[in-house]
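Chemist:
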Amino acid sequence: MKKEKPYILALDQGTTSSRAILFDKNEHIVGIAQKEFTQYFPHQGWVEHDPLEIWQTQLWVARQVMEENQVEATEIAAIGITNQRETTVVWDKFTGKPVYNAIVWQDKRTASICEMLKKRNLEPYIRKETGLVADSYFSGTKIAWILDWVSLNRPDIKPNDLAFGTIDTWLIWNLTGGKVHATDYTNASRTMIFNIHTLMWDEKLLNSLSIPAHILPEVKSSSGHFGVAEAKWLGDEVPIRGVAGDQQAALFGQKCFERGMVKNTYGTGCFLLMNTGEVPIVSKSGLLTTIAWAKNGKVIYAIEGSVFNAGAAIQWLRDGLKLIETAHDSEYFAQKVPDSDGVYVVPAFSGLGAPYWDMYARGGVFGITRRTNKYHFIRATLESLAYQTRDLLEAMEKDAGMNISVLRVDGGATANQLLMQFQSDILGKTVEKAQNKECTALGAAFLAGLSIGFWTYEQLQSRSSFQFFQPTMNAEDRDTKYKKWRKAVERCKGWELD
Ligand code: ADP
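Per my numbering, the very first residue in the sequence shown carries number 10; after that it's consecutive.
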């Protein structure tokens, strides 16, 4: 009998670093390797990566984690890929060379192309057919920009030779030696040129942006066949069987398999995703509709909302105000007072996102008295992460017409126990913290593992282990505090307008 291969290799290609994580059948991390790569800021508002450096660091960490843990390619059952979403690469299919740097999701250079789409009244169409808004964040206008740049600056490149991909596609292309040009539904759903209802590239949007269909990758189920990594990379051939964008992978890694399940990732920003099942829900609060994953061609949808400044507000306490030395200290200081004593910090540093959508809002601190001290300030800033999460969760509940009783959480700031308890208190809901901190990579591993029968759904469902936070605040206090928060937010709105 053939011996079962004991590991899944997850490639987690993030915005600042490439990581590779080996998981065993018990969902345990066997090893992690990580390497940062260069960020390029050629102009104000522009952010680029070198696609070759992304590929080289990703390959390096994969080899590194195998070497450090003495794992051979023959012991790896499959590869799962998760990636920074929306970041756009265009390359020459024949040379395999990128024609321009990768334009990163944060890059704002295509704002004027988005304005053009809005002027042509395409925004309602984009909203309805792609689930997104006309924003430079998504890949579509970035592709248009690169194609335009190539036509002006690279007469040596034939337009017919070009290929487009998000980072997953770029890695698959390289791993398979240029044999597979594919993406998965989750990544496609972040391009603003993919129709999330027909599950095809959208002809009307392609025409509007002058993007030829032949440069686009084939779109596949997130758990399925994406070719085989060539033997020259890892020492033997390894099948690529799972692909998902980072936030969707985290939703899957959190095992939010059922409709109505929600996860929140607390990093620099917060990303909330709710599994809405087989029906896409169009938000009335400006949340995005996106594809959560697709398995055997069956698509599951999600609604997504993000908080712009979550952990970033803690960084501001550290770097801007110098009230703390490390993010970790925030808990120690916040614990020195029983509550924020009526102080509210609204970290609307760059405007307010969903559900307020006010780019003219700016941050504010309210409720200061002679008694207010540094600890209240720190505590109030921490609490702002929880209030902003409630704003989004309420919007989701309204959109989906569902009452959520549990929030699953992951990300750096979930290390803060005080924050997690306050989150549960202010929501009046259970907060379930993932035991495994690497939910994003785990999600990619699950998708790959399910596809080759390394795990079954039943096994994954039955094996959850979490830390729970239960609300202890009484309902009256919760409502009073939350109302005050909404009042503080109101006062921040429109600040930059005269
Ligand atoms: P990202 O992936 O966005 O870089 P991480 O998941 O690594 O984010 O989380 C880092 C963020 O979490 C930082 O913004 C940091 O300020 C915040 N953070 C980390 N530890 C804590 C903590 N103990 N309390 C509050 N915030 C924290």
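Yeah, the Cβ is synthetic: ideal placement off N, Cα and C, and Gly gets one too.
Have a look at residue 58 and residue 466 and give me their C-alpha separation to the nearest angstrom.
Modeler: Here residue 58 corresponds to residue number 49 of the sequence shown, with the count starting at 1. Here residue 466 corresponds to residue number 457 of the sequence shown, with the count starting at 1. One C-alpha to the other measures close to 36 angstroms.
Chemist: For residue 408, which residues of its own chain have a beta-carbon under 7 angstroms away from its beta-carbon, when the five flanking residues on both sides are left out?
Modeler: Your numbering for residue 408 matches position 399 in the sequence shown. Contacts found: 290, 292, 293, 294, 296 and 312.
Chemist: Which parts of the segment 277 to 357 are runs of the alpha helix (DSSP H), unbroken and 4 residues or longer, counting only runs that do not cross its ends?
Modeler: The segment 277 to 357 contains these whole alpha helix (DSSP H) runs: 320 to 324 and 338 to 343.
Chemist: Give the straight-line distance between the Cα atoms of residue 145 and residue 98, rounded to the nearest whole angstrom.
Modeler: Numbered from 1 along the sequence shown, position 136 holds the residue referred to as residue 145. Numbered from 1 along the sequence shown, position 89 holds the residue referred to as residue 98. Between residue 145 and residue 98, the C-alpha separation is close to 15 angstroms.
Chemist: How would you call residue 164, buried or exposed, if buried means at least 16 neighbouring beta carbons within 10 angstroms?
Modeler: What you label residue 164 is simply residue 155 of the sequence shown in a count that begins at 1. Residue 164 comes out exposed.
Chemist: Spatial neighbours of residue 335 within its chain, please: CB distance less than 8 angstroms, with the 5 preceding and 5 following residues excluded, ordered by chain position.
Modeler: By 1-based counting over the sequence shown, the position of residue 335 is 326. 327.
Chemist: If you compare alpha carbons, which of 112, 434, 276 and 233 is closest to residue 49?
Modeler: One-based indexing of the sequence shown puts residue 49 at position 40. When only C-alpha atoms are compared, the closest one is 112.
Chemist: Would you call the segment 387 to 405 and the segment 227 to 245 touching, i.e. three or more CB-CB distances under 8 angstroms?
Modeler: The segment 387 to 405 is not in contact with the segment 227 to 245.
Chemist: Where residue 369 and residue 500 are concerned, what is the direct C-alpha to C-alpha distance, given to the nearest angstrom?
Modeler: Counted from its first residue, the sequence shown places residue 369 at position 360. Counted from its first residue, the sequence shown places residue 500 at position 491. For residue 369 and residue 500, the distance between alpha carbons rounds to 12 angstroms.
Chemist: What would DSSP say about residue 166, mapped onto helix, strand or coil?
Modeler: The sequence position of residue 166 within the sequence shown is 157, counting from 1. DSSP places residue 166 in coil when its eight states are reduced to three.
Chemist: Run the CB neighbour count on residue 478, radius 10 Å, all protein chains shown included, and call it buried at 16 or more, exposed below.
Modeler: Translated into the one-based positions of the sequence shown, residue 478 becomes position 469. Answer is buried; the Cβ neighbour count reaches 16.
Chemist: What do you get for residue 495, buried or exposed, if any count of 16 or more other CB atoms within 10 angstroms of its CB means buried?
Modeler: Here residue 495 refers to the residue found at position 486 of the sequence shown. Residue 495 comes out exposed.
Chemist: Quick check: what's the CA-CA separation for residue 365 versus residue 16?
Modeler: Counted from its first residue, the sequence shown places residue 365 at position 356. Counted from its first residue, the sequence shown places residue 16 at position 7. Distance between the alpha carbons of residue 365 and residue 16 is about 45 angstroms.
Chemist: Near the ligand ADP, which residues have their beta-carbon closer than 5 angstroms to a heavy atom?
Modeler: Cβ atoms closer than 5 angstroms to the ligand ADP belong to 276, 277, 320, 323, 324, 336, 337, 339, 420, 421, 422, 424 and 425.
Chemist: Check residue 64 in the structure and name its three-state DSSP category.
Modeler: Position 55 of the sequence shown, counted from the first residue, corresponds to residue 64. In the structure shown, residue 64 sits in a helix (DSSP, three-state: H, G or I).
Chemist: Does DSSP classify residue 76 as helix, strand or coil?
Modeler: Position 67 of the sequence shown, counted from the first residue, corresponds to residue 76. Residue 76: helix per DSSP, three-state reduction.
Chemist: By a C-beta neighbour count over all protein chains shown, 10 Å radius and 16 as the cutoff for buried, is residue 161 buried or exposed?
Modeler: Numbered from its first residue, the sequence shown carries residue 161 at position 152. Exposed, since its Cβ has fewer than 16 Cβ neighbours within 10 Å.
Chemist: Using a Cβ-Cβ cut-off of 6 angstroms (strictly less than) and excluding sequence neighbours within five positions of residue 450, which residues of its own chain qualify?
Modeler: One-based indexing of the sequence shown puts residue 450 at position 441. Same-chain partners within the cutoff: 19, 21 and 30.
Chemist: Tell me the DSSP bridge mates of residue 107?
Modeler: As a first step, residue 107 is located in the sequence shown; it is residue number 98 there, counting from the start. DSSP lists 100 as partners of residue 107.
Chemist: According to the neighbour-count rule (16 or more other Cβ atoms, all chains shown, within 10 Å of its Cβ), is residue 380 buried or exposed?
Modeler: Translated into the one-based positions of the sequence shown, residue 380 becomes position 371. By the 10 Å Cβ count, residue 380 comes out exposed.
Chemist: Taking the continuous beta strand (DSSP E) assigned at residue 174, which residues delimit it?
Modeler: The count along the sequence shown starts at 1 and reaches residue 174 at position 165. Counting along the chain, the beta strand (DSSP E) containing residue 174 begins and ends at 171 to 175.
Chemist: Consult DSSP for residue 196 and reduce its assignment to one of helix, strand or coil.
Modeler: Within the sequence shown, numbered from 1, the residue matching residue 196 stands at position 187. Three-state DSSP puts residue 196 in a helix.
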